[in-house]
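S.K.: Below are the structure tokens for one structure; questions will follow.
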Amino acid sequence: MPTNTTVGYQLAEQNFAKAETNEEKLQALKKMLSEAPTHKGGEVLRAEIKKRMARYKELILKEKIQKKKGGGKHGFSLKKDGAATVCFIGTTNTGKSYILKKLTNADVEISESEFTTKKPEIGMMDYSGIKVQVVELPSIVENYSKKKEGPAYISIIKQVELLVIFFNTPEEKQLIDKELIKNEVDTRQTVFNNEESIKDLIWRNIGLIKVFTKQPGKKVEDIAIALKVNSNVKDLAELVHKDFLKKFKYARIWGKSVKFKGQMGGLSHKLEDNDIVEFHVK
Ligand SMILES: Nc1nc2c(ncn2[C@@H]2O[C@H](COP(=O)(O)OP(=O)(O)O)[C@@H](O)[C@H]2O)c(=O)[nH]1
Ligand SMILES: [Mg+2]
Numbered sequence: 032m033p034t035n036t037t038v039g040y041q042l043a044e045q046n047f048a049k050a051e052t053n054e055e056k057l058q059a060l061k062k063m064l065s066e067a068p069t070h071k072g073g074e075v076l077r078a079e080i081k082k083r084m085a086r087y088k089e090l091i092l093k094e095k096i097q098k099k100k101g102g103g104k105h106g107f108s109l110k111k112d113g114a115a116t117v118c119f120i121g122t123t124n125t126g127k128s129y130i131l132k133k134l135t136n137a138d139v140e141i142s143e144s145e146f147t148t149k150k151p152e153i154g155m156m157d158y159s160g161i162k163v164q165v166v167e168l169p170s171i172v173e174n175y176s177k178k179k180e181g182p183a184y185i186s187i188i189k190q191v192e193l194l195v196i197f198f199n200t201p202e203e204k205q206l207i208d209k210e211l212i213k214n215e216v217d218t219r220q221t222v223f224n225n226e227e228s229i230k231d232l233i234w235r236n237i238g239l240i241k242v243f244t245k246q247p248g249k250k251v252e253d254i255a256i257a258l259k260v261n262s263n264v265k266d267l268a269e270l271v272h273k274d275f276l277k278k279f280k281y282a283r284i285w286g287k288s289v290k291f292k293g294q295m296g297g298l299s300h301k302l303e304d305n306d307i308v309e310f311h312v313k
């Protein structure tokens, strides 16, 4: 500590040492700066304080960004993204991380040892151009909701559109079921099996259909549009373009929802998975 500082400065310095949060540190540094000697001899000290202030400002900014993303030290909260969110839950060593990485390229650790995944891992899967968010939660154990962050994980389980359940033995499945029932989870769920591709399994159960659009005389768009099951031509038109609804004349439809290819349909025509829709406007 420089000897030629005031009592006020020394108190501010003590407050800095005691400060716990970055914000408190920054406030203490501000006070130190205001109490630092203004004469030539104090220049080095003042420059040093300013440098430390800049560092804490940066840390505070990072914390704010982290909080927005849903992280931070006050528990994990999910920022939903994509057309829907799927949650991988299950007992340990059942391949949740392995599948998440394969599906989404998420940077997750896969390991033979138990309980490798310590926090939710998030990735984005692509299904015909539709983005589906996938979240892996730390493995289910007895009294899951009582563990650290347990309530936050249960809240995620309740927010997502689909749970994919992973387990190795029937006993493990029973444990998962018990934990879900205990926490009054009624989210739609399906069981991971190695028979069907995980992407198809997810899509079949997620409660969405995908529809492709095309313009008259052009070829079908590569990227599908996700709609809720039971959506109609009007729902699609609203999603694609505001003007389509205003200027709508009729649609031509190919796929499961029509009897013959290119059949004409109105706004109330119900669509099915993989339909192709061509809008005709005024
Ligand atoms: N080849 C292969 N290995 C798997 C599969 N599922 C799990 N594993 C292996 O099982 C171990 C545990 O996998 P991990 O994804 O970390 O399990 P988690 O605890 O459910 O996330 C790792 O050694 C994986 O390589 C799978 O479908 N194929
Ligand atoms: Mg894992």
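Residues 32 to 313, numbered by the working numbering, are exactly what the sequence shown covers, in order. Don't be surprised by glycine CBs; every beta carbon is placed ideally from N, CA and C.
#1: Distance check for L193 and K104, CA to CA, integer angstroms please.
#2: Between the Cα of V222 and the Cα atoms of T69, K93, G121, L76, which residue gives the shortest distance?
#3: Under a criterion of Cβ closer than 6 Å to any non-hydrogen atom of ligand 1, which residues qualify, in chain order?
#4: Considering Cα atoms alone, identify which of Q294, F197, K111, P68 is closest to K162.
#5: Please report the Cβ distance between I80 and M63, rounded to the nearest whole angstrom; I am assuming they are in contact, meaning their Cβ atoms lie under 8 Å.
#6: Is the distance from the Cβ of K259 to the Cβ of M156 below 8 Å?
#7: Is it right to say K287 is buried, meaning 16 or more other beta carbons lie within 10 angstroms of its own, or is it exposed?
#8: Hey, would you say the C-beta of E167 is under 7 Å away from at least one heavy atom of ligand 2?
#9: With a CB to CB cut of under 6 Å and the five nearest residues on each side skipped, what residues in its chain are close to G102?
#10: According to the neighbour-count rule (16 or more other Cβ atoms, all chains shown, within 10 Å of its Cβ), is A48 buried or exposed?
#11: Suppose contacts are defined by Cβ-Cβ distances below 8 Å. Is G293 in contact with A282 by that definition?
#12: Could you tell me the alpha carbon to alpha carbon distance between K127 and V308, rounded to whole angstroms?
M.R.: Short version:
#1: Taking the first residue of the sequence shown as 1, we reach residue 104 at position 73. Taking the first residue of the sequence shown as 1, we reach residue 193 at position 162. Low local confidence applies: a pLDDT of 46 at K104 is under 50, so the model's placement there is unreliable, with the coordinate-based value given in what follows. Answer to the nearest angstrom: the Cα atoms are 27 Å apart.
#2: Working through the sequence shown from its first residue, we reach residue 222 at position 191. Nearest neighbour of V222 by Cα position, chosen from T69, K93, G121, L76, turns out to be G121.
#3: Any heavy atom of ligand 1 within less than 6 Å of a residue's beta carbon puts that residue on the list, which reads T123, N124, T125, G126, K127, S128, Y129, I141, S142, E143, T147, T148, S170, F197.
#4: Within the sequence shown, residue 162 is the residue found at index 131, counting from 1. For K162, the nearest C-alpha among the options comes from K111.
#5: By 1-based counting over the sequence shown, the position of residue 80 is 49. By 1-based counting over the sequence shown, the position of residue 63 is 32. With 8 Å as the limit, I80 and M63 qualify as a contact, their Cβ atoms being about 5 Å apart.
#6: Locating residue 259 in the sequence shown gives position 228, counting from the first residue. Locating residue 156 in the sequence shown gives position 125, counting from the first residue. The Cβ-Cβ distance between K259 and M156 does not fall below 8 Å.
#7: Translated into positions along the sequence shown, residue 287 becomes position 256. Exposed is the call here.
#8: Indexing the sequence shown from 1 puts residue 167 at position 136. Remark: the shortest separation between the CB of E167 and any heavy atom of ligand 2 falls under 7 Å.
#9: As a first step, residue 102 must be located in the sequence shown, where it is residue number 71. Because the pLDDT of G102 is 47, which lies under 50, any placement of that residue in the model is unreliable, and the number read from its coordinates should be weighed accordingly. Result list for G102: empty, nothing under 6 Å.
#10: As a first step, residue 48 must be located in the sequence shown, where it is residue number 17. So A48 counts as exposed.
#11: Reading the sequence shown from its first residue, position 262 is the one you call residue 293. Reading the sequence shown from its first residue, position 251 is the one you call residue 282. The Cβ atoms of G293 and A282 do not sit closer than 8 Å to each other.
#12: Working through the sequence shown from its first residue, we reach residue 127 at position 96. Working through the sequence shown from its first residue, we reach residue 308 at position 277. Rounded to whole angstroms, K127 to V308 spans 36 Å at the Cα level.
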